[in-house]
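Residue numbers (this note's numbering): 192 to 605. To start, the structure itself, in structure tokens.
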Ligand code: 13P
């Protein structure tokens, strides 16, 4: 098991993982399943120990995972790396397979995920992969569990823990996200299986007749924070995903206005419910015009301005990383926007701004694979080239050259 040194610490190790520490320090409780993240995380732990311990604050009392959550959240937000969202439910996976005429069987889903996770050198660009429950229990054809494969290759295994959306009765077809019942035991099981982070997607829509309602926003914020708190108590870094859908005729300013309201409500609940902000990741939409808007697509600079300003007005600097969803944008547009976001100098931002893309990473790789083993090498090359481009975008250095085919689907379900 890899060992590394941190500058200070004060409590004995809790997990089976051992760590070495420097002369005047003692081992920490940090779970060290993968290499340490970018510089600075150890300093963060050091200072939090020197002046106070987050775990001693009343609202973190009893959470034995605080250091580990902070380290893993920081690791997931390493500059130049992003998250591979590969947690499509079986139904959604089937829709993807339709594009290549592949039967939606458990074995084909396993083959596809093996293809993604075995791309050589993927961890240079990818810090973690989100899986669906079925996937988190599957293995390579040689019998290695995907959880172990990812961990050994320096990527954190993650798990989707929501169970989809359902109607909020009495609203204009607005939805809430299901999955809080039993979440504590499910997240404890996922932790024991090796998962170290989780995802929960909540969606709100913008319509001309007044959506989102206050009720939908309140429900979204409250359930995201409940989920986050439960995950953290069981050792999983929560990815908090409030998605303002791009369906609609609205312009980019409307998206900014609504997103600001939603993120503000979410942040408020995260604080109110005592979520360890240093131990979570935010996964928001980029601020875009509506998919049916008449004005045409906003430029990357406009997207960057509205996105960074909206986040800047709502999300505390204690959150280490923000990883955007792609929301049906083409690979090219998602990368160009992410790059412009990272080049936005006019508005300061304290977080790493990266990606947690599903469609905008996988679309072309799936087409190259075409369900055939003889295409695995070519599809690995495609996947790595897309991830490398996204990594460049995460540093503000994307130079173009990706597919411009949109993956937009109205009223998208994950
Ligand atoms: P897209 O990047 O395809 O929007 O999906 C990411 C995701 O995880 C949505 O929940």
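All C-beta atoms in this analysis are idealised placements derived from N, C-alpha and C, irrespective of residue type, glycine included. Since this is a predicted model, take the numbers as computed values, not measurements.
I want to check one thing, is the minimum distance from the CB of residue 473 to the heavy atoms of the ligand 13P below 6 angstroms?
Remark: the C-beta of residue 473 is outside contact range of the ligand 13P, defined as less than 6 angstroms to any heavy atom.
At a cut of 8 angstroms, does the stretch 451-465 reach the stretch 399-419 through at least three beta carbon pairs?
Between the stretch 451-465 and the stretch 399-419 there are three or more inter-stretch CB-CB distances shorter than 8 angstroms, so the stretches are counted as touching.
Take residue 371 as the anchor and find which of 365, 434 and 357 has the nearest alpha-carbon.
Here the closest residue by C-alpha is 357.
Taking Cβ to Cβ, would you say residue 421 is nearer than 7 angstroms to residue 376?
Going by C-beta atoms, residue 421 is not nearer than 7 angstroms to residue 376.
Measure the alpha-carbon distance for residue 400 versus residue 516 and round it to whole angstroms.
Straight-line measurement puts the Cα of residue 516 at about 26 angstroms from the Cα of residue 400.
If I measure Cβ to Cβ from residue 369 and keep anything under 8 angstroms in the same chain, skipping five residues before and after, which residues do I get?
Taken in chain order, the residues that qualify are 353, 354, 355, 356 and 357.
CB of residue 545 to nearest heavy atom of the ligand 13P: below 6 angstroms?
With a threshold of 6 angstroms, the Cβ atom of residue 545 does not count as near the ligand 13P, since no heavy atom of the ligand is closer than that.
Cβ atoms of residue 431 and residue 473: under 7 angstroms apart, would you say?
For residue 473 and residue 431, yes; Cβs fall inside 7 angstroms.
Hey, is residue 282 close to the ligand 13P, as in C-beta under 6 angstroms from one of its heavy atoms?
Taken from the Cβ of residue 282, every heavy atom of the ligand 13P lies 6 angstroms or farther away.
Distance, Cα to Cα, residue 493 vs residue 451?
Distance between the alpha carbons of residue 493 and residue 451: 16 angstroms.
In chain order, what residues of the same chain have a beta carbon less than 6 angstroms from the beta carbon of residue 561, not counting five sequence neighbours either side?
Sequence-distant partners of residue 561 (beyond 5 residues in either direction) whose C-beta falls short of 6 angstroms from its own C-beta, in its chain, are 291.
In whole angstroms, give me the CA-to-CA distance for residue 285 and residue 249.
When only Cα atoms are considered, residue 285 and residue 249 end up about 46 angstroms apart.
For the alpha helix (DSSP H) holding residue 337, just list the boundary residues, first then last.
Element bounds for residue 337: 337-343.
Indicate the three-state DSSP secondary structure (helix, strand or coil) for residue 567 in the structure shown.
In the displayed model, residue 567 falls within a helix according to three-state DSSP.
Name the residue from 347, 453 and 439 whose alpha carbon lies nearest to the alpha carbon of residue 390.
The shortest Cα separation from residue 390 among 347, 453 and 439 belongs to 347.
Within 10 Å of its beta-carbon, does residue 305 have 16 or more other beta-carbons around it, so buried, or fewer, so exposed?
Label assigned to residue 305: buried.
Distance CB(residue 512)-CB(residue 476) smaller than 7 angstroms
Going by C-beta atoms, residue 512 is not nearer than 7 angstroms to residue 476.
By the DSSP assignment, the alpha helix (DSSP H) with residue 526 in it spans what residues?
It spans 522-533 - the alpha helix (DSSP H) in which residue 526 sits, taken as one unbroken run.
Tell me which residue opens and which closes the alpha helix (DSSP H) that residue 383 is part of.
From DSSP, the alpha helix (DSSP H) with residue 383 extends over 374-384.
Here's a check: name, in chain order, each residue in its chain whose Cβ is nearer than 8 angstroms to the Cβ of residue 251, leaving out the five neighbours to either side.
Contacts found: 245, 257, 465 and 467.
Under 6 angstroms: does the beta carbon of residue 307 sit that close to some heavy atom of the ligand 13P?
Residue 307 Cβ: outside cutoff for every heavy atom of the ligand 13P.
Residue ranges of each alpha helix (DSSP H) run of no fewer than 4 residues wholly in the stretch 290-350, ordered along the chain?
You should have 297-308, 324-327 and 337-343.
To the nearest angstrom, how far is the alpha carbon of residue 317 from that of residue 406?
One C-alpha to the other measures close to 36 angstroms.
Using only the heavy atoms of the ligand 13P, determine whether one of them is closer than 6 angstroms to the beta carbon of residue 414.
Not so, every heavy atom of the ligand 13P lies at least 6 angstroms from the Cβ.
Test item: CB-CB of residue 351 and residue 321 under 7 angstroms
Yes, Cβ-Cβ distance for residue 351 and residue 321 is below 7 angstroms.
Under three-state DSSP, which class holds residue 366?
For residue 366, the secondary structure class from DSSP, reduced to helix, strand or coil, is strand.
What are the boundary residues of the alpha helix (DSSP H) that includes residue 411?
If you look at residue 411, you'll find it in the alpha helix (DSSP H) that goes 405-424.
Closer than 6 angstroms: residue 276 CB and nearest the ligand 13P heavy atom:
Yes, the Cβ of residue 276 comes within 6 angstroms of a heavy atom of the ligand 13P.
Tell whether a beta-carbon distance below 7 angstroms holds between residue 576 and residue 559.
Contact flag unset, no.
Would you check whether the ligand 13P has a heavy atom nearer than 6 angstroms to the C-beta of residue 288?
Residue 288 Cβ: outside cutoff for every heavy atom of the ligand 13P.
For residue 517, three-class secondary structure by DSSP:
Secondary structure at residue 517: coil, using DSSP grouped into helix, strand and coil.
Residue 429 - DSSP class collapsed to helix/strand/coil:
In this structure, DSSP gives residue 429 an extended state, which the three-state scheme calls strand.
What did DSSP end up calling residue 611 once you bin it into helix, strand or coil?
Because residue 611 is not part of the residues shown, which for the chain are 192 to 605, the question remains open.
What separation, rounded to the nearest whole angstrom, lies between the Cα atoms of residue 535 and residue 296?
Straight-line spacing of the CA atoms in residue 535 and residue 296 works out to 44 angstroms.
Classify residue 169: buried if its beta carbon has 16 or more other beta carbons within 10 angstroms, exposed otherwise.
Limits of the chain in this structure are 192 at one end and 605 at the other, which puts residue 169 out of reach.
For residue 378, which of 419, 531 and 288 has the nearest alpha-carbon?
Comparing alpha-carbon positions, the option among 419, 531 and 288 lying closest to residue 378 turns out to be 419.
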